[in-house]
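Counting the sequence shown from 1 gives a position; the working numbering is that position plus 29.
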Amino acid sequence: MGINGKILVFVDLPGGELDETGRGLLSYAARLAGILAAPWGVAVAVMPDSQQVASFGAYGTPTITCINDGETLLDTPALLGAHLARLAQNEMATLLLLPHNDLGSVVAPVVAHELQAAIMTELVTVRQSADGVRLSRRVLGTRIAETRVWDGIKFLVATVPPRALSQVIMATFRSSVPTLSHWSPATPVSIAAATITGRIPPDPQTVDLTEAEVIFSAGKGCTPATFEQLKELCQLLNVSFGVTRPVYDLGWTGFERMVGQTGRTVTPRLYVALGISGSMHHVGGIKDSRRIVAVNSDAKAPIFPNVDEGFVGDLTELLPRLLEQVKAAIGGAS
Ligand SMILES: Cc1cc2nc3c(=O)[nH]c(=O)nc-3n(C[C@H](O)[C@H](O)[C@H](O)COP(=O)(O)OP(=O)(O)OC[C@H]3O[C@@H](n4cnc5c(N)ncnc54)[C@H](O)[C@@H]3O)c2cc1C
Numbered sequence: 030m031g032i033n034g035k036i037l038v039f040v041d042l043p044g045g046e047l048d049e050t051g052r053g054l055l056s057y058a059a060r061l062a063g064i065l066a067a068p069w070g071v072a073v074a075v076m077p078d079s080q081q082v083a084s085f086g087a088y089g090t091p092t093i094t095c096i097n098d099g100e101t102l103l104d105t106p107a108l109l110g111a112h113l114a115r116l117a118q119n120e121m122a123t124l125l126l127l128p129h130n131d132l133g134s135v136v137a138p139v140v141a142h143e144l145q146a147a148i149m150t151e152l153v154t155v156r157q158s159a160d161g162v163r164l165s166r167r168v169l170g171t172r173i174a175e176t177r178v179w180d181g182i183k184f185l186v187a188t189v190p191p192r193a194l195s196q197v198i199m200a201t202f203r204s205s206v207p208t209l210s211h212w213s214p215a216t217p218v219s220i221a222a223a224t225i226t227g228r229i230p231p232d233p234q235t236v237d238l239t240e241a242e243v244i245f246s247a248g249k250g251c252t253p254a255t256f257e258q259l260k261e262l263c264q265l266l267n268v269s270f271g272v273t274r275p276v277y278d279l280g281w282t283g284f285e286r287m288v289g290q291t292g293r294t295v296t297p298r299l300y301v302a303l304g305i306s307g308s309m310h311h312v313g314g315i316k317d318s319r320r321i322v323a324v325n326s327d328a329k330a331p332i333f334p335n336v337d338e339g340f341v342g343d344l345t346e347l348l349p350r351l352l353e354q355v356k357a358a359i360g361g362a363s
């Protein structure tokens, strides 16, 4: 049992680049097309250059359709959504995939509204079952798993969180030379839409740790002095900081900074564990980080088998030197 039409995936090319999220979406769509035995294609608002088209081809992308004047639509997500809805109809798609980022999470409900379609946000896994296509997502900071069954016939709009995307080019993907085309709606699209005039990125110092891109965490191996140095380092590097439970118990931070089984489950691009032993209660909350780096003075610390890169070192020596170098690098040495 497959699905009734094509999978159309919208790839945002921020700054004209095929970034990690774009590559992840291509990999996700290619795998999904295999699982659902469905044709697929890509919609873009800006036509990629020849080098980028080759990158699309590495994932086996069959077609790339560029919405004419799409670049101007990027600042008016509602209008972009209305165009994508028309394009999806034109391409006889049944499923539209979008990234669950600032743009995708605004565009998706518009497409769903335009097409009177179902919507599934933060989709993670998809599998075929006897009763239909099972779609699962994680909500509430990935604590709750929710599964819904889709008949594969009614149009579905789905967003995929960047944390669930991997850029991997699987051996099963057959590289392609994508067919490029431009598209305009047959009749003008009009919708009452607000235009975005500016975007303020989240502040790593205050963003919820479940959304943080890079986290440096302090364990009991930190002294009050090294803890302050670590916080200063995080500010200079503009990254988020977390703590283990013993550090939270010391009253050095609020509960919202605690990472682990009873704290936040985090999925950053980079997690740096400083003076953290690596108990299962902590590691359970960081294991889905894309890259984990640890520094610990004990070469036998249990954190080491769980990391991508480990350094045996003393934080009282390392942190002041690191701070000094970062300050020098950013020209802020005092
Ligand atoms: C039900 C339950 C739930 C829990 N939930 C959580 C949770 O959500 N999150 C959590 O973090 N914990 C949780 N814990 C606690 C957990 O079991 C561990 O006790 C805790 O994670 C250990 O924290 P730590 O690594 O900071 O401290 P420690 O285990 O004391 O480790 C400190 C590490 O620092 C190293 N070190 C010391 N000095 C230096 C130095 N100068 N330089 C470099 N390294 C140094 C040491 O070698 C050591 O490995 C929970 C426990 C229970 C029972």
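Just so it is clear, CB atoms sit at the ideal spot from N, CA and C, and this is done for glycine as well.
Beta-carbon proximity of residue i to residue j, cut-off 7 angstroms
{"i": "GLN264", "j": "LEU348", "result": "no"}
{"i": "ALA247", "j": "PRO297", "result": "no"}
{"i": "GLY314", "j": "GLY289", "result": "yes"}
{"i": "MET121", "j": "GLY31", "result": "no"}
{"i": "ASN97", "j": "SER213", "result": "yes"}
{"i": "ALA193", "j": "VAL243", "result": "no"}
{"i": "ALA174", "j": "ARG167", "result": "yes"}
{"i": "GLN321", "j": "ASP337", "result": "What sits at residue 321 in the sequence shown is Ile, not Gln. In this structure, ASP337 lies closer than 7 angstroms to ILE321 by Cβ."}
{"i": "PRO128", "j": "THR50", "result": "yes"}
{"i": "VAL301", "j": "PHE245", "result": "yes"}
{"i": "ILE220", "j": "ALA147", "result": "no"}
{"i": "VAL155", "j": "LEU47", "result": "no"}
{"i": "GLY86", "j": "ALA59", "result": "no"}
Supposed close pair residue i, residue j - CB separation, criterion 8 angstroms
{"i": "LEU124", "j": "LEU113", "result": "That pair is no contact at about 12 angstroms."}
{"i": "ASN325", "j": "VAL341", "result": "7 angstroms"}
{"i": "VAL75", "j": "GLY45", "result": "6 angstroms"}
{"i": "LEU209", "j": "LEU351", "result": "That belief does not hold up - the Cβ atoms of LEU209 and LEU351 are roughly 47 angstroms apart, past 8 angstroms."}
{"i": "PRO106", "j": "VAL71", "result": "Between VAL71 and PRO106 the Cβ distance is about 18 angstroms, and since that is not below 8 angstroms, they are no contact."}
{"i": "PHE270", "j": "ARG286", "result": "7 angstroms"}
{"i": "ALA330", "j": "GLY307", "result": "6 angstroms"}
{"i": "GLN196", "j": "SER56", "result": "6 angstroms"}
{"i": "ARG115", "j": "VAL218", "result": "6 angstroms"}
{"i": "GLY357", "j": "GLY339", "result": "According to the sequence provided, residue 357 is Ala. The question's Gly does not apply to it. Going by Cβ atoms, the distance from ALA357 to GLY339 rounds to 26 angstroms, so no, they are not a contact pair."}
{"i": "PRO68", "j": "ILE93", "result": "Incorrect: roughly 14 angstroms between the Cβ atoms, too far for contact."}
{"i": "GLY250", "j": "ILE305", "result": "7 angstroms"}
{"i": "LEU42", "j": "VAL73", "result": "6 angstroms"}
Reduced DSSP category for residue i - H, G, I as helix; E, B as strand; rest coil
{"i": "LYS316", "result": "coil"}
{"i": "GLY110", "result": "helix"}
{"i": "MET121", "result": "coil"}
{"i": "ASN33", "result": "coil"}
{"i": "PRO128", "result": "strand"}
{"i": "GLY339", "result": "strand"}
{"i": "GLU175", "result": "strand"}
{"i": "MET309", "result": "helix"}
{"i": "GLY70", "result": "strand"}
{"i": "GLY161", "result": "strand"}
{"i": "PHE256", "result": "helix"}
{"i": "THR188", "result": "strand"}
{"i": "CYS251", "result": "coil"}
{"i": "ARG286", "result": "helix"}
{"i": "ILE198", "result": "coil"}
{"i": "VAL218", "result": "coil"}
{"i": "LEU42", "result": "coil"}
{"i": "ILE321", "result": "strand"}
{"i": "ILE359", "result": "coil"}
{"i": "LEU47", "result": "coil"}
{"i": "TYR277", "result": "helix"}
{"i": "THR294", "result": "coil"}
{"i": "VAL236", "result": "coil"}
{"i": "VAL272", "result": "strand"}
{"i": "SER246", "result": "strand"}
{"i": "VAL155", "result": "strand"}
{"i": "SER213", "result": "coil"}
{"i": "TYR300", "result": "strand"}
{"i": "ILE64", "result": "helix"}
{"i": "ARG203", "result": "coil"}
Residue i beta carbon near ligand 3 (any heavy atom closer than 6 angstroms)
{"i": "HIS112", "result": "In the structure shown, ligand 3 is absent; the only ligands present are ligand 1."}
### Message
Would the segment 197-208 count as touching the segment 231-239 if we require 3 or more Cβ pairs under 8 angstroms?
### Response
The segment 197-208 vs the segment 231-239: no contact.
### Message
I'd like to know if the segment 131-149 and the segment 178-189 are in contact, where contact means that at least 3 CB-CB pairs between them fall below 8 angstroms.
### Response
Yes, since at least three Cβ pairs between the segment 131-149 and the segment 178-189 fall closer than 8 angstroms, the two stretches touch.
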